[in-house]
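Reading through the C-alpha cells given below for one structure.
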Amino acid sequence: YSKVPPGNLEIGYSILFALLPWSVDIDFGPWNLSVPSEPLIALLGLGLAWEIARRPSRVSSPILIISLLWIIWMAVAVGFSSMKIVSLKYWLVEAGHWWVFGVGMVLWPGLWQRVLPYFILSMLGVVVYTMIHHSLYDFRADQAMLAPIPFFPDHTLYATVLALLFYFMQVPLASGTSLGHFLQRSGVIKGIAGFFLAALILSSSRAALVSVGFAGVVLIASIWQGKWRYS
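Position one of the sequence shown corresponds to residue 9 (the working numbering), numbered consecutively onward.
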C-alpha cells in the first residue's frame, strides 16, 4: 500500500471530511441518523472493504488491534442490553468509525494530512455560523451552549474540535493538494488558528480552555527541552 488511497477512495474521504462539521441529527423513531456523515461513512466502509479484498494487506498496528478487541467486546455487550435496538445502532456507529477512520488511516498514513485542510475550511464556516448565532444574544455565556446547534449538540464538543484543530494547525500540512498549498501560505493558517482560538474562548468551555493551556505548557517545555539538549 502507498501512503494515500486510490483516487476514488481519497475523493470519498475528502468529501466526508468537508461535510463532517455540517452534519445534523435526524430522528427516525428509535433510530437517529447523522446526515450526511453516517451515510458517507457507510459508503466509504464498503469501498474500503472492497479495496482490502482486492488487495489484501496485513494490519499490525497495536492500537488498532486493542481497539478491535474493544469493538468485539461492545458487540458481546449488545446481546445483554435492555434496549437492543439503541445499543445495536450505537455499536454500528462505533464499528463504522473504527473501520473507516481507524483502519483507513493506518493503511494510508498520508491520508490524514491530505484531508485535514478540507475539515479546517469546513469547520471555519461552522465557526462563522456559530459566532453569528452567538452574537444575536450579545455573546452571553449562558447562550454559548446553544450557539453551535444544530451542527454540534453543545458547546463542549464544539470547543473540543476547535482545541484539537488549533494544535493540529501548528504542524505542516500536506503539500500534495492545492488546498494544502493555499493554507500553507504565510499568514493564512495562522489567521485561521487565531480565529479558532477566539471562537474557543467565546465557547465558554472551561475544560477545553484548560486542555489548550495545559497542552501549551507541555509544548513549550518540549521545545525548551530540545534546545537545552542540543545547546
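Using N, Cα and C, we set each Cβ at its ideal position, and we do this for glycine too.
Check	Outcome
In DSSP terms, what V226 is bridged to	DSSP, once it has assigned bridges, lists no residue as partnering V226.
Same chain, Cβ closer than 7 Å to A171, five either side skipped, listed in chain order	L208, A216, S219, V220
Q178 classed as buried or exposed, judged by whether at least 16 other C-beta atoms fall within 10 angstroms	exposed
Contact between the segment 98-112 and the segment 41-60 (3+ Cβ pairs under 8 Å)	yes
Whole-Å CB distance - W30 paired with S130, under 8 Å assumed	7 Å
Given A57 as reference, the closest of V43, L115, A85, M91 once Cα atoms are compared	L115
Beta-carbon proximity of S45 to L27, cut-off 8 Å	yes
Spatial neighbours of M91 in its chain, beta-carbon cut-off 7 Å, leaving aside the 5 residues before and after	none
Bridge partners - V36, DSSP secondary structure assignment	Looking at the sequence shown, residue 36 is not Val but Phe. In DSSP, F36 forms a bridge with W39.
Any 3 or more C-beta pairs closer than 8 Å across the segment 195-215 and the segment 159-169	yes
C-beta contact flag for V135 and S22 at 8 Å	no
Terminal residues of the alpha helix (DSSP H) in which A149 lies	Where A149 is concerned, there is no enclosing alpha helix (DSSP H), given that its DSSP letter is neither H nor E.
Rounded C-alpha distance that separates E59 from P14	9 Å
Rounded separation between G133 and F88 - CA only	42 Å
L72 to H141 span [Cα, whole Å]	39 Å
Beta-carbon separation (whole angstroms), Y126 vs L187, contact threshold 8 Å	7 Å
Of the listed residues F176, I157, L227, nearest to G202 (C-alpha basis)	F176
Residues of its chain near S239, where Cβ-Cβ distance is below 7 Å and the 5 sequence neighbours each way are ignored	Note that S239 scores a pLDDT of 48, beneath 50, so its modelled location is shaky; the value from the coordinates is reported in the next line. None.
Same chain, Cβ closer than 8 Å to G199, five either side skipped, listed in chain order	none
Whole-Å CB distance - S95 paired with V86, under 8 Å assumed	5 Å
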